[in-house]
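Student: Residue numbers (UniProt numbering): 1 to 394.
#1: Pick from 284, 22, 102, 266: whose alpha carbon is nearest that of residue 350?
#2: Could you check what DSSP says for residue 2 in three-state terms: helix, strand or coil?
#3: Near residue 187, what residues of its chain come up, given a Cβ to Cβ distance below 6 Å and the 5 sequence neighbours on each side ignored?
#4: In the DSSP assignment, find the unbroken alpha helix (DSSP H) run with residue 30 in it and report its ends.
#5: Under 6 Å Cβ to Cβ from residue 323, same chain only, skipping five residues before and after it: list those, please.
#6: Tell me the start and end of each unbroken beta strand (DSSP E) in the stretch 221 to 272 that is at least 3 residues and wholly inside, in chain order.
#7: Should the stretch 190 to 202 be regarded as contacting the stretch 320 to 335, the criterion being three or more beta carbon pairs within less than 8 Å?
#8: What ranges does the beta strand (DSSP E) occupy inside the stretch 90 to 122, keeping only unbroken runs of at least 3 residues that lie completely in it?
#9: Alpha carbon to alpha carbon, what distance is there between residue 66 and residue 1?
#10: Note down the Cα distance separating residue 124 from residue 266, rounded to an integer number of angstroms.
#11: Let me know the secondary structure DSSP gives residue 302 once reduced to three states.
#12: If residue 112 sits next to residue 362, beta carbons under 8 Å apart, how far is it from one beta carbon to the other, in whole angstroms?
#13: Taking the alpha helix (DSSP H) that residue 15 belongs to, which residues open and close that run?
#14: Relative to the C-alpha of residue 109, which candidate in 129, 41, 100 has its C-alpha closest?
#15: DSSP three-state label for residue 144, please.
#16: Figure out for me which residue from 138, 92, 178, 280 has the closest Cα to the Cα of residue 236.
#17: Among 224, 250, 121, 272, which has the Cα closest to the Cα of residue 233?
#18: Does the distance from the CB of residue 255 to the CB of residue 268 come in under 9 Å?
#19: Taking 9 Å as the cut-off, decide whether the C-beta atoms of residue 346 and residue 369 are in contact.
#20: By DSSP, does residue 314 sit in helix, in strand, or in coil?
#21: Where does the unbroken alpha helix (DSSP H) through residue 193 begin, and where does it stop?
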C-alpha cells in the first residue's frame with residue numbers, strides 16, 4: 001500500500017512541502033538528504049530507522065550520509081519547526097494548540113533522556129523517553145510543530161550521560177508545567193502565528209494560580225483538564241455554593257447539573273457525531289497573593305452518563321458557551337487519533353540514535369512527514385497492524 005502511494009500520488013505535494021521546510025538548510029546536499037529522509041519516513045515499512053530508510057534510498061552508502069545528516073550534522077531544527085508552524089497556520093486554519101505528551105519505550109539506558117517514570121495515563125512505570133509536543137489542531141486534522149524532551153533528574157546530575165548524548169547545558173529536568181510553558185513561549189516567537197486557545201489534556205497542576213498566571217502573561221487562553229478534587233470557589237452569586245468557601249470541582253459541577261445542555265461533537269476515531277451533556281460555571285482559585293481578587297475562571301463539566309458524576313472536568317479562562325468549550329476539548333481527541341494513526345506510521349517514536357540533537361532532528365523531520373501524510377491522503381489509507389508498545393500519545 002505504501003509503495004503504491006509513493007508511485008502514484010503525492011509526489012508534487014511532498015516535494016513542494018520539503019522545499020518550503022528546508023529553506024533554512026544552507027547546503028543543497030542537506031536539502032536533498034532532508035527530502036530523502038522525509039520520503040523514507042513516508043514509504044519505509046516497519047520501524048523507520050536510518051538503516052531501514054537508507055536501504056530504500058540507495059543501500060549501504062546512504063546509511064552513513066543519512067545518519068550524519070540527522071545525528072552528526074550542525075543544522076538547526078528550530079527554523080524548520082517555525083516554517084512548519086507558519087505553513088500549517090496558512091493552510092490548515094488551526095482552532096487551538098494542543099499540548100500532548102508522548103511516551104517512547106526503550107530497553108537500554110544510553111538513549112538521550114531515558115529513565116523510569118510513572119505515566120499516569122497508563123497507570124504504570126515506563127522505562128524510556130518522555131516528550132511533550134505542541135500540536136496545531138482543527139476538527140479535520142492535527143500536526144505537531146514543536147517538541148521538548150523531558151529529562152529525568154538523573155540526567156541533570158550525571159555528567160557522563162550528558163556528555164555522551166551531547167546534551168546542552170541549558171537542558172535540565174523540568175515538570176510538565178514548566179516544559180509546556182517554555183515550549184509554548186518558543187512557539188510564540190514566530191511572528192506569523194495567531195494566538196490560539198491552548199488545550200492541556202495531560203496531568204499537571206494546571207489549577208495552580210502561579211501556573212495560570214504564567215499562561216496569562218503569555219497571552220494564551222487555556223482550557224486545562226482538572227481533577228474532581230480540585231478546590232475552587234464559586235464566583236457567581238446566583239449559583240449554588242457561592243460564599244460556601246472552597247469546594248471540590250466535582251461538588252460544584254454536581255450542584256449545577258440541572259443546567260446541563262446536550263452538545264454534539266465530532267469523534268475522529270469513529271467518524272461519527274457523538275453527544276455529551278455539559279455545563280460551565282464561573283469560579284476562582286481564591287485571593288491573589290498580592291492582596292487583590294483573582295480574575296474569574298470557568299469550570300466545565302462533561303457527562304457521558306447523566307446519572308453519574310461528570311466524566312471529565314476542565315478549567316479555563318476563556319469566556320465562551322459550554323458547547324464551544326466542550327468542542328475545543330475534543331481537539332485533544334483529534335490529536336490522540338492522528339498521533340496513533342499517522343504519527344506512529346511515520347516513525348515519530350522510531351529514532352534509534354543516542355544524541356540530543358539527533359532526537360530533535362528526527363522528531364522535526366517526522367513532524368514534516370506527518371504533515372505530508374495528511375496533505376497527500378496517505379493518512380487515509382489502511383495502516384499496518386500496530387506494534388506491541390504503549391500508545392504514542394499518552
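Glycine included, each C-beta is placed from N, C-alpha and C at the ideal position.
None of these values were measured; they are calculated from a predicted model.
Tutor: Straight from the coordinates:
#1: The residue given as residue 350 occupies position 350 in the chain shown. When only C-alpha atoms are compared, the closest one is 102.
#2: The residue you call residue 2 lines up with position 2 of the chain shown. Because the pLDDT at residue 2 is just 42, under 50, the model does not fix this residue reliably, and the point stays unresolved.
#3: Translated into positions along the chain shown, residue 187 becomes position 187. Correct list, in chain order: 134, 146.
#4: Sequence index remark: in the chain shown, residue 30 carries index 30 (1-based). Unbroken alpha helix (DSSP H) run through residue 30: 28 to 43.
#5: For this step, residue 323 is matched to residue 323 along the chain shown. Within the same chain, residue 323 has close Cβ partners 263.
#6: 222 to 226, 231 to 234, 261 to 267
#7: yes
#8: 96 to 105, 115 to 119
#9: As a first step, residue 1 must be located in the chain shown, where it is residue number 1. As a first step, residue 66 must be located in the chain shown, where it is residue number 66. Any reading at residue 1 needs caution, since the residue's pLDDT is 35, under 50, leaving its predicted position unreliable; the model's value is listed next. Between residue 1 and residue 66, the C-alpha separation is close to 25 Å.
#10: On the chain shown, position 124 is the one that residue 124 refers to. On the chain shown, position 266 is the one that residue 266 refers to. One C-alpha to the other measures close to 30 Å.
#11: Here residue 302 refers to the residue found at position 302 of the chain shown. Note: residue 302 maps to strand in three-state DSSP.
#12: On the chain shown, residue 112 is found 112 positions in, with the first residue counted as 1. On the chain shown, residue 362 is found 362 positions in, with the first residue counted as 1. No, residue 112 and residue 362 are not in contact; Cβ-Cβ is about 11 Å, not under 8 Å.
#13: Taking the chain shown and counting its residues from 1, the one referred to as residue 15 is at position 15. Run containing residue 15: 11 to 21, per the alpha helix (DSSP H) assignment.
#14: The residue labelled residue 109 in the question sits at position 109 within the chain shown. For the residues 129, 41, 100, the minimum Cα distance to residue 109 belongs to 129.
#15: Taking the chain shown and counting its residues from 1, the one referred to as residue 144 is at position 144. Correct three-state label for residue 144: strand.
#16: On the chain shown, residue 236 is found 236 positions in, with the first residue counted as 1. Residue 236 has its Cα closest to that of 280, out of 138, 92, 178, 280.
#17: Here residue 233 refers to the residue found at position 233 when the chain shown is read from its first residue. Of the candidates 224, 250, 121, 272, the one whose C-alpha sits nearest the C-alpha of residue 233 is 250.
#18: Translated into the one-based positions of the chain shown, residue 255 becomes position 255. Translated into the one-based positions of the chain shown, residue 268 becomes position 268. Taking 9 Å as the Cβ cut-off, residue 255 and residue 268 do not qualify as a contacting pair.
#19: Within the chain shown, the letter at position 346 stands for residue 346. Within the chain shown, the letter at position 369 stands for residue 369. Yes. Within cutoff.
#20: As a position in the chain shown, residue 314 is number 314, starting the count at 1. Residue state, collapsed to three classes: strand.
#21: For the purposes of this step, residue 193 is identified with residue 193 of the chain shown, where counting begins at 1. Run containing residue 193: none; DSSP gives neither H nor E here.
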